[in-house]
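In this note's numbering, the protein residues as written are 952 to 1381.
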Amino acid sequence: MGVAQSVRGSYLDLIDARRDELIALTQDLIRIPTLNPPGEAYLEICEYLAERLKKRGFEVQLLRAEGTPGDSDRYPRWNVIARREGGVPGKCVHFNSHTDVVETGKDWTKDPFGGELEDGKIYGRGACDMKGGLAASIIAAEAFIDARPDFAGAIEISGTADEETGGYGGVAWLAEQGYFDPSRVQHVIIPEPLNKDRICLGHRGVWWAEIETKGHIAHGSMPFLGDCAVRHMGAVLQEFETTLYPALANKHTAMPVVPEGARQSTMNINSFHGGQAEPEADFTGFPSACVPDSCRMVVDRRYLIEEDADEVRQEIVDILDKLTSERDRFSYELRELWQVSPTMTDEDAPVVRSVSKSIEQVLARKPEYVVSPGTYDQKHIDRIGRLKDCIAYGPGILDLAHQPDEWVGVDDMIDSAKVMALSLEDLLGA
Ligand SMILES: [Zn+2]
């Protein structure tokens, strides 16, 4: 048995020996109900993580993202960053997990905050997205530190707020403060539930906008005296159906997006409002007869690395301008709401190579490289932090995220923790 072989074997044993600890840690994290919105129990989970990691020699900082969206004294946006220096200088590997979970919704057969273990699965809101991943990364880091206390460089573990609502009180804020500066952190792994044999290199772009068509109010019995904003919007929709949607379906990407249906440009119509506001649920009267003078539609356009945001915007503007010239009294306003650029880490990047090699060692198969259809905190690490060596890799089945009876498999967490520990050995062990 060679040296590399025995080092590898020892990590696998060290992780296996921590199975009960991994289960208990995951259960503890699930039992802290960090619902977002509104942003419950962030301080509690940060203090829990701080206490655990301090005992293992990490230096810990609790940081409140004061003044970010949603932050208030009732719902403060707390984040935790723990850093453990090795014996000699070197690179820093950072594991970033969001601590927030989405609402539970209906149809649960388990207690959403019970952390129940049954047949090798731990149930609860956030089990797979992503407290299981957070627990696996902690166990991996601790096993690595025990085996190699004088490693080269540093390990960081963060628990951050608000990923489910855009990450502005979490990773975006930390990146603005310089915590993801490439001079400080060199490799980032985000243990989101992408399955233990897949490496997520990045995500598609996002462009959200609100389109408003204008009309003129009049009595509904004489609509010819007014101008119906909803009919104008109908013309926009028709143009989308006949020209835009077929064009989007023809834009294919080299990004390995999963599921396959997202390997092209897509656009969702998020909402549509025209005419009178919806009455309150308990209102028993009738609507009045009016011609709508405004109609608003929010579109959620997801775009590819081969496109850019200006092009995406221009496509919509061209349609609206065409209607302005063709259609009597058509006028519109376009308000851009949100934009995120697509990002994709190179397959040859150091963190990708290390994790890929480790997956082959643990699972005896080559990893699958994927790209996420939606965005996650990598956007802030890339755009604000300017840190490119970043992936998402973690246990759990993505389809279970946000579902009732969400669970994470203990074996999957064990395998992922082994991959993470071997990756640390590869990046910091020398
Ligand atoms: Zn997540």
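Backbone N, C-alpha and C fix where the C-beta goes; we use that ideal spot for every residue, glycine too.
| Check | Outcome |
| --- | --- |
| Where does G1345 sit, in a helix, a strand or coil, going by DSSP? | coil |
| Skipping 5 residues on each side, what residues in its chain have a beta carbon closer than 6 Å to that of M952? | Since pLDDT at M952 reaches only 42, below the 50 mark, its modelled position is unreliable, and the value read off the structure follows with that caveat. Closer than 6 Å at the Cβ level, and outside the excluded window around M952, lies no residue. |
| Checking 9 Å against the spacing of the C-beta atoms, do C1043 and Q1137 come in under that value? | yes |
| Tell me which residue opens and which closes the beta strand (DSSP E) that M1206 is part of. | It is not in any beta strand (DSSP E) - M1206 carries neither H nor E in the DSSP assignment. |
| Quick check on this structure: which residue in Y993, A1232 and W1159 has the alpha carbon closest to the alpha carbon of T1326? | W1159 |
| Return helix, strand or coil for Y1119, following the three-state DSSP convention. | coil |
| To the nearest angstrom, report how far apart L994 and D1178 are at their CA atoms. | 54 Å |
| Quick check: the Cα distance between A1382 and R1099, rounded to an integer number of angstroms? | Not covered by the structure: residue 1382. The range shown for the chain is 952 to 1381. |
| Put G1077 into one of helix, strand or coil per three-state DSSP. | coil |
| What is the DSSP secondary structure of G1037, reduced to helix, strand or coil? | coil |
| Just to check, is the beta-carbon of D1080 closer than 8 Å to a non-hydrogen atom of ligand 1? | yes |
| Here's a check: name, in chain order, each residue in its chain whose Cβ is nearer than 6 Å to the Cβ of I1090, leaving out the five neighbours to either side. | R969, L973 and A1368 |
| Between the alpha carbons of A1198 and G1037, how many angstroms are there, rounded? | 53 Å |
| For D1363, which residues from the same chain have a beta carbon less than 7 Å from its beta carbon, with the 5 sequence-adjacent residues on both sides left out? | K1147, P1346 and G1347 |
| Given a cut-off of 9 Å, decide if V1359 and G1171 are closer than it, judged by their beta-carbon atoms. | no |
| Output the distance between the C-alpha atoms of T977 and R1247, rounded to the nearest integer angstrom. | 44 Å |
| Within 10 angstroms of the Cβ of W1124, are there 16 or more other Cβ atoms? Answer buried if so, exposed if not. | buried |
| Helix, strand or coil, according to DSSP, for I1256 in the structure here? | coil |
| Under the three-state reduction of DSSP, which class applies to M952: helix, strand or coil? | Legend: pLDDT at M952 = 42, less than 50; position of this residue unreliable, value from coordinates given subsequently. Residue state, collapsed to three classes: coil. |
| Judging by CA-CA distance, which residue of E1231, M1081 and M1184 is the nearest neighbour of G1225? | M1184 |
| What residue from D1251, I983, G1018 and E1319 has the CA that sits closest to R1286's CA? | D1251 |
| What separation, rounded to the nearest whole angstrom, lies between the Cα atoms of V1306 and I1150? | 8 Å |
| Rounded to a whole number of angstroms, what is the C-alpha to C-alpha distance between I1162 and T1194? | 17 Å |
| Report, in whole angstroms, the separation of the C-beta atoms of E1093 and L986, which I expect to be a contact under 8 Å. | Wrong, their Cβ atoms sit about 28 Å apart, outside the cutoff. |
| Is it buried or exposed for L1378, if we count other Cβ within 10 angstroms and need 16 for buried? | buried |
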